[in-house]
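Protein chains: 2
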Amino acid sequence: MSREPDPPELPTAPRLDETEQVFAALAHVARRQIVLMLSHFGDELPSGYLAKKLAHSWPTTTRHLHVLEAAGIVEVRREGRGSFYRLDRERVRRVVGTWLDLLEPPAPARKWQPKGKRT
Amino acid sequence: MSREPDPPELPTAPRLDETEQVFAALAHVARRQIVLMLSHFGDELPSGYLAKKLAHSWPTTTRHLHVLEAAGIVEVRREGRGSFYRLDRERVRRVVGTWLDLLEPPAPARKWQPKGKRT
DNA sequence: CTAATAATTAGCGATCGAGCTAATCAACGA
DNA sequence: TCGTTGATTAGCTCGATCGCTAATTATTAG
């Protein structure tokens, strides 16, 4: 059975811990700024460049980058003495977007009513 | 000039501290659960109902609700000895959604290049 | 080899967040 | 009035997070 050589774009629903990590990572303003900087650039940025912008010390930025990396939000490519970070836009969109979609009100908008009060 | 008597739905861009509060509030799984419960119900839920579901003590739930309220994500209505919480769906959608939209790549996808390396 | 640059790791102090129990407040029912 | 129920407030502890400086690693330049 050789239908598709590789499922190319099946955006599986985010796992629970994925959601956890991504939302936790995005909770800090510095990390959201990093994400936006990477996004605005479209490509990859070196660690030092980000560190300079962030009004924090470089090691602090490094740690934020680690948090983002652990959450799968960014990937790093090492070359020479440089570290180049790249945003996984899809992942952020998928995890956050999917969660946001859950906010749509369900069909008939059930209403809570006090227990044991029937009729 | 009487065009519209009242701007009915001008979703102003989220303020910076709004984004901060909302993202911080959504960073905790229990609070995201509360939001989803409220959303799924469509209407309002009493504090005790939420507390029972959450596998935490009631005071802990109370505090989570306060965080959500401070972020403007939920509103509370007191009646008798009950507290009824309601979700502000629009606010969540607006703040999170707007931020998510910033992730769209800008037009030509600029690329970073090392400084002082011209030509 | 040595100096300089890019980046991370180590480790510290301060603060914040989240959980709990106990105490308190407010409204209702008997 | 008195007890019960719904809910919050007070106060504590533990652990995680965040920021920093100093030290370390690794690569490149001279």
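Residue numbers (my numbering), protein chains in the order written: chain A, 1 to 119; chain B, 120 to 238. Here a beta-carbon is modelled for each residue, glycine too, at the ideal position from N, C-alpha and C. Please read all numbers here as calculations on a predicted model, not as lab measurements.
When C-beta atoms of the stretch 136–146 of chain B are compared with those of the stretch 166–174 of chain B, fewer than three pairs fall below 8 Å, so the two segments do not count as touching.
Only those residues of the stretch 209–226 of chain B whose C-beta falls short of 7 Å from the nearest C-beta of chain A are listed: VAL211, ARG212, VAL215, GLY216, LEU219, LEU221, LEU222, PRO224, PRO225. Your pair A:ALA24 and A:LEU68 does not check out as a contact, with CB atoms roughly 11 Å apart and the cut at 8 Å. For A:GLY97, the uninterrupted alpha helix (DSSP H) segment begins and ends at 89–101.
Distance from the Cα of B:TYR204 is smallest, within the candidate group B:ARG134, B:PHE160, B:ALA132, for B:PHE160. At the C-beta level, A:LEU45 and A:THR61 stay beyond 8 Å of one another. Here A:ARG94 is actually not in contact with B:LEU222; their C-beta atoms are around 11 Å apart, not less than 8 Å. Scanning A:VAL29, A:LEU65, A:HIS28 for the CA closest to the CA of A:VAL74 turns up A:LEU65.
DSSP places A:SER57 outside both helix and strand once states are collapsed to three, so it counts as coil.
Around the beta carbon of B:ARG197, a 10 Å sphere encloses fewer than 16 other beta carbons of the protein chains shown; the residue is thus reported as exposed.
Under the three-state reduction of DSSP, A:LEU45 is assigned to strand. Against chain B, the CB of A:GLU69 has no partner CB under 8 Å away; the residue lies outside that interface.
DSSP places B:ARG197 within a strand segment (E or B) once states are collapsed to three. Rounded to the nearest angstrom, the Cβ distance from B:SER158 to B:LEU206 is 5 Å, consistent with a contact under 8 Å.
Contact residues of the stretch 21–40 of chain A toward chain B are PHE23, ALA24, LEU26, ALA27, VAL29, ARG32, VAL35, LEU36, SER39, HIS40 (C-beta to C-beta distance below 8 Å). Under the three-state reduction of DSSP output, A:ARG15 falls in the coil class, being neither helix nor strand. Separation of A:ARG81 and A:PRO59 (C-alpha to C-alpha, rounded to the nearest whole angstrom) is 16 Å.
The beta-carbon separation of B:THR217 and B:ALA132, rounded to 6 Å, stays under the 8 Å limit for a contact. Any Cβ of chain A closer than 8 Å to the Cβ of B:GLY191 would place that residue at the interface, and such an atom is absent. Under the Cβ criterion of 8 Å, B:GLY167 is not counted among the residues facing chain A.
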